[in-house]
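The numbers in the sequence shown follow the numbering used here, run straight up by one, and end at 1385. All residues carry an ideal CB built from backbone N, CA and C; glycine is no exception. Only one structure is covered here, and it is reproduced in the block below.
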Amino acid sequence: NFDKQWMPIIPLIATESDKLTSLQKQGARAIDWIGDGIVNSNLTKRFLQIMISLETMLEQDPDKLESKLKKEDLWKDTLSTSIEDQLVSTISLICNDSQINLETRNIKRAYDLRSEITHNGERLTEDDTALIKDWYDIAYKIIANIMFLGNWSSTYDLWKAANLGNKDSDEN
């Protein structure tokens, strides 16, 4: 079931990546991760690859992010730059208008599960198939939003939109 809306994007990804924003380039890398996850028969690895695809697009080094915000005089003590909070805020911004039923605790739970798999060897079972499908749907929505709408030019712009209300793209 190939979605034909991708036809104009494929040449950009394959041969004209200089025409993509930095965030779209990260989206293209996320496509690789999610593609590997789709064909992986190991449910645990499939979930990890979906989470890696999200982190590829949405994550920034927390210390560098805070430093950049302070340099631009945008820092507030109420802000958090933790990886988990970056994922929560940016996923919530992009998925808030969709049919995806997504609550902050579900995003945090998924990130915690990713950490349990990575650090403690947690394994998923067939009972987790719906969880994997849900996160695939979320990742697909985010990738499509980034690749087609181009609302933000960088992960930093996306973070500012999610956390500071800067809805317009900004070349930073």
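Give me the Cβ distance between residue i and residue j, rounded to the nearest whole Å; I'm assuming they're in contact under 8 angstroms.
i: W1348; j: I1263; result: 5 angstroms
i: I1356; j: G1240; result: 5 angstroms
i: R1327; j: L1261; result: 6 angstroms
i: I1359; j: L1282; result: Actually they do not touch by this definition, with Cβ atoms about 21 angstroms apart.
i: I1247; j: A1352; result: 5 angstroms
i: S1230; j: K1217; result: Not confirmed; about 21 angstroms, so no contact.
Please classify residue i as buried or exposed, where buried requires at least 16 neighbouring CB atoms within 10 angstroms.
i: D1298; result: buried
i: D1383; result: The predicted position of D1383 is uncertain, since its pLDDT is 45 and thus under 50; a value taken from the coordinates is nonetheless stated next. Flag for D1383 reads exposed.
i: S1266; result: buried
i: S1280; result: exposed
i: G1250; result: buried
i: A1323; result: buried
i: L1362; result: exposed
For residue i, collect the residues of the same chain with a Cβ closer than 6 angstroms to its Cβ; drop the 5 residues on either side in sequence, then sort them by chain order.
i: R1336; result: T1257
i: R1242; result: T1269
i: N1253; result: R1259
i: Q1273; result: T1368
Go ahead and pull the three-state DSSP assignment for residue i.
i: T1303; result: helix
i: G1334; result: coil
i: K1289; result: coil
i: S1266; result: helix
i: N1376; result: helix
i: G1363; result: coil
i: L1274; result: Looking at the sequence provided, one finds Asp at residue 1274 rather than Leu. If DSSP states are grouped into helix, strand and coil, D1274 belongs with coil.
i: L1233; result: coil
i: T1342; result: helix
i: D1216; result: coil
i: S1328; result: helix
i: T1257; result: helix
i: I1223; result: helix
Between which residues of its own chain and residue i is the CB-CB distance below 8 angstroms, once the five residues before and five after are set aside?
i: L1287; result: K1373 and L1377
i: P1275; result: T1294, S1295, I1296 and Q1299
i: E1339; result: L1256
i: C1308; result: L1315, I1351, K1354 and I1355
CB-CB under 7 angstroms to residue i, same chain, minus the five flanking residues each way: which ones, in chain order?
i: L1225; result: K1232 and L1233
i: T1303; result: L1271, L1371, W1372 and A1375
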